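Notes for the one structure printed next.
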Amino acid sequence: MDAKDTNKTLSNTTRRTFLQAGGMAFLGLTVPAHGRVARSLESLAISGGPKTVSFPSDRLDELTRWPRYGSAEKQAINELIDNNKFYDELPAFETEWKAYTQSPYVKAHMNGSSAITSMFFALDLPPGSEVMLPSYDFFSDALAQRFFSYVPTFVDIDPHTSCFDLNDAKRKLTRNTRALFPMHAWGLPCEMDHITDFAKEKGLIVIEDAAHAHGASMQGKKMGTWGVMGIYSFQASKCMPAVEGGMGMYQTREYYERAAAFGHYEDPAKFPADSPVHAYVDTGFGMKLRMHPFAAAIARQQLRTLDERTALVEANVRRMNDRLIQLPGLSEPHVRADQKRAYYYANMLLLDPAKAGFSRDALVKALQAEGVRVSVWVYPEQHKLKIYSEAKWWHHPPVIPSSMPGNDYINKNHIFMPLLYGEAPEVIDQNIKAFEKVWTHRSELAAL
Ligand SMILES: Cc1ncc(COP(=O)(O)O)c(C=O)c1O
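In structure tokens form, the structure reads like this:
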């Protein structure tokens, strides 16, 4: 349908038939790809019109509240206090996580960052080894490399997926590159088949950060199990929150034993006598990174309902996004048919201002005025932060790229809608109406 058809449709539509047809939702279906809608019934709230979203704020607070604990978590902690078997909780959680992720070896750690540091220790690469990772990433993936004299080598993210840009990695490959370290941002799986194929061809090691991606998989294989090692975080904001906590997954016994021995002094004694770390009984390698048993108890409860929770969040996202992505210039990060994504923190949508005809700032202001809880959050790009530019902190200074167009694109063009952890058709439909209303006023927004 082009602009001419749309104008005809609207001018042939009386106010009554328009409202019967679903008001703004109907208007949304008739928004032309280019040009102006001839007539809109309601002014934007930002221009003094009525607000679209009337859903009570306190109910929305409850729907979006995170983390969510209830009687199961309380009971688990109480039982632990009563039975005094605190440390039994750790192998119990490991066994369950191992089964869930189908990992040959797992180890619970104090948090995601300690699982990452242990993974770097397990890698055992020579000083100066380059480990490629996104700059659109959490600091511990890059900074913990300092302790092992590795060189964080920042690669871009793909603006369509917000994940590791393999083509950029190919361009930045040097004779010192030893490992690729993709991160599945916001629960979006990186293209691990391409990444592992390339690594194989070049003799590189692949490790993964799946801190955002609990329950996500690709070709039926959980994220964090594609690389030789992978980690999860169970920090309070994550999809499976235990307030603090982490997990490492290892494809070989050697990696597992080294990673475990780094921060778990009691483990070497448990390993067979032929283990290269068996001799380090009673010391490990100097760190103590045990997960708190209370956290493990909470994590076990959260794991039981993880898939159910993800399905509910996903159904809510689909109800909204399936309509929103019909709007010109609004899209979701690309997910392949053989990938199952998770949803961490927010429902990210991407605005192409050239196609939409207005800026992200204008959109956010207009939606917020309509009562939509939309926000933006700029991911700190690691390569721009002070610590990477100061040689005194590094045995081998990181490689600082001059530009990262993928990071820029995602940081400048995303919007975040809150994830809804309950049945919420009413607020979702009001949000859809607000977006569609805003799109009918595209020319007005262009001037904002
Ligand atoms: C991508 C990513 N990796 C690793 C971590 C570290 O996890 P933790 O906070 O449990 O140390 C985080 C934490 O936010 C993260 O976002």
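By numbering that gives the first Met the number 0, the letter at position 439 of the sequence shown is numbered 438, and the numbering carries on one by one without gaps.
We treat Cβ as the ideally placed atom computed from N, Cα and C, and that holds for glycine.
Remember, predicted model here, so these are calculated numbers, not experimental data.
Distance, residue j Cα to residue i Cα
{"i": "D266", "j": "F120", "result": "15 Å"}
{"i": "F270", "j": "F92", "result": "19 Å"}
{"i": "E41", "j": "V316", "result": "26 Å"}
{"i": "T224", "j": "T100", "result": "7 Å"}
{"i": "P236", "j": "L384", "result": "In the sequence as presented, Pro is not what sits at residue 236; that position holds Ser. The straight-line gap from Cα to Cα measures roughly 23 Å."}
{"i": "L43", "j": "Y408", "result": "27 Å"}
{"i": "I80", "j": "D306", "result": "28 Å"}
{"i": "A141", "j": "C162", "result": "16 Å"}
{"i": "P125", "j": "L179", "result": "15 Å"}
{"i": "A212", "j": "D337", "result": "15 Å"}
{"i": "T176", "j": "E88", "result": "39 Å"}
{"i": "G283", "j": "V205", "result": "25 Å"}
{"i": "I431", "j": "L302", "result": "32 Å"}
{"i": "P332", "j": "P188", "result": "11 Å"}
{"i": "P49", "j": "T63", "result": "24 Å"}
{"i": "D428", "j": "V312", "result": "15 Å"}
{"i": "M131", "j": "R170", "result": "11 Å"}
{"i": "T173", "j": "L203", "result": "11 Å"}
{"i": "A445", "j": "A355", "result": "9 Å"}
{"i": "M217", "j": "D192", "result": "9 Å"}
{"i": "I115", "j": "L59", "result": "35 Å"}
{"i": "G47", "j": "R340", "result": "39 Å"}
{"i": "S442", "j": "F434", "result": "14 Å"}
{"i": "H291", "j": "F85", "result": "9 Å"}
{"i": "S402", "j": "A310", "result": "37 Å"}
{"i": "T304", "j": "Y342", "result": "15 Å"}
{"i": "K201", "j": "N77", "result": "52 Å"}
{"i": "D321", "j": "V377", "result": "25 Å"}
{"i": "Q74", "j": "E61", "result": "22 Å"}
{"i": "P90", "j": "K97", "result": "10 Å"}
{"i": "D164", "j": "S70", "result": "43 Å"}
Where the alpha helix (DSSP H) through residue i begins and ends
{"i": "G111", "result": "G111 to L122"}
{"i": "F54", "result": "Per DSSP, F54 belongs to no alpha helix (DSSP H) and is neither H nor E."}
{"i": "V316", "result": "P292 to L323"}
{"i": "R352", "result": "According to the sequence provided, residue 352 is Pro. The question's Arg does not apply to it. From DSSP, the alpha helix (DSSP H) with P352 extends over P352 to A355."}
{"i": "E253", "result": "R252 to G262"}
{"i": "E443", "result": "R441 to A445"}
{"i": "S448", "result": "Outside the displayed span of the chain (0 to 447) sits residue 448, for which this structure offers no information."}
{"i": "D360", "result": "R359 to A368"}
Spatial neighbours of residue i in its chain, beta-carbon cut-off 8 Å, leaving aside the 5 residues before and after
{"i": "L447", "result": "I45, F357, S358, D360, A361, K364 and A365"}
{"i": "Y249", "result": "S102, P103, Y104, V105, K106, A121, V227, M228, Y255 and A258"}
{"i": "S388", "result": "I399"}
{"i": "E95", "result": "R299 and L302"}
{"i": "A294", "result": "F233, A241, V242, E243 and G244"}
Same chain, Cβ closer than 6 Å to residue i, neighbours up to 5 away in sequence not counted
{"i": "G111", "result": "A210, I230, S232 and G245"}
{"i": "G22", "result": "In this prediction, G22 scores a pLDDT of 36, lower than 50, which makes its location untrustworthy; no coordinate-derived value is stated."}
{"i": "S274", "result": "E256"}
{"i": "V128", "result": "The amino acid at residue 128 is misidentified as Val; the sequence shows Ser. Cβ neighbours of S128 beyond the five flanking positions: Y149 and R177."}
{"i": "F147", "result": "F119"}
{"i": "H277", "result": "P267 and F270"}
{"i": "D123", "result": "none"}
{"i": "V334", "result": "R340"}
Endpoints, the beta strand (DSSP E) within which residue i is located
{"i": "M416", "result": "H413 to P417"}
{"i": "R340", "result": "Premise fails: R340 is in no beta strand (DSSP E) and is neither H nor E."}
{"i": "F153", "result": "V150 to V154"}
{"i": "L132", "result": "E129 to P133"}
{"i": "D208", "result": "I204 to D208"}
{"i": "G229", "result": "M228 to S232"}
Within 8 Å, strictly: CB atoms of residue i and residue j
{"i": "W65", "j": "Y420", "result": "yes"}
{"i": "H440", "j": "L288", "result": "no"}
{"i": "E72", "j": "Q300", "result": "yes"}
{"i": "F153", "j": "S134", "result": "yes"}
{"i": "G328", "j": "D351", "result": "yes"}
{"i": "K417", "j": "R372", "result": "The amino acid occupying residue 417 in the given sequence is Pro; Lys does not appear at that position. Cβ atoms of P417 and R372: closer than 8 Å."}
{"i": "H413", "j": "V437", "result": "no"}
{"i": "V242", "j": "I194", "result": "no"}
{"i": "M118", "j": "G247", "result": "yes"}
{"i": "F54", "j": "V426", "result": "yes"}
{"i": "M347", "j": "F415", "result": "yes"}
{"i": "M239", "j": "G262", "result": "no"}
{"i": "D208", "j": "M182", "result": "yes"}
{"i": "D450", "j": "P404", "result": "Because the chain in this structure spans residues 0 to 447, residue 450 falls outside the shown range and cannot be described."}
{"i": "A390", "j": "P396", "result": "yes"}
7 Å CB neighbourhood of residue i in its chain, flanking five on each side removed
{"i": "W392", "result": "R145 and I386"}
{"i": "L323", "result": "L329, L348, I431 and F434"}
{"i": "A24", "result": "Bear in mind that a pLDDT of 39 at A24, under 50, signals an unreliable position, so the model cannot answer this."}
{"i": "R252", "result": "Y104"}
{"i": "Y264", "result": "D281, T282, G283 and K287"}
* Only counting runs of 3 or more residues, tell me where the beta strand (DSSP E) segments fall wholly within the region 61 to 118, in order along the chain. => 104 to 108
* Asked: Which runs of the beta strand (DSSP E) fall wholly inside the region 140 to 197 and span at least 3 residues, in chain order?
  -> 150 to 154 and 176 to 179
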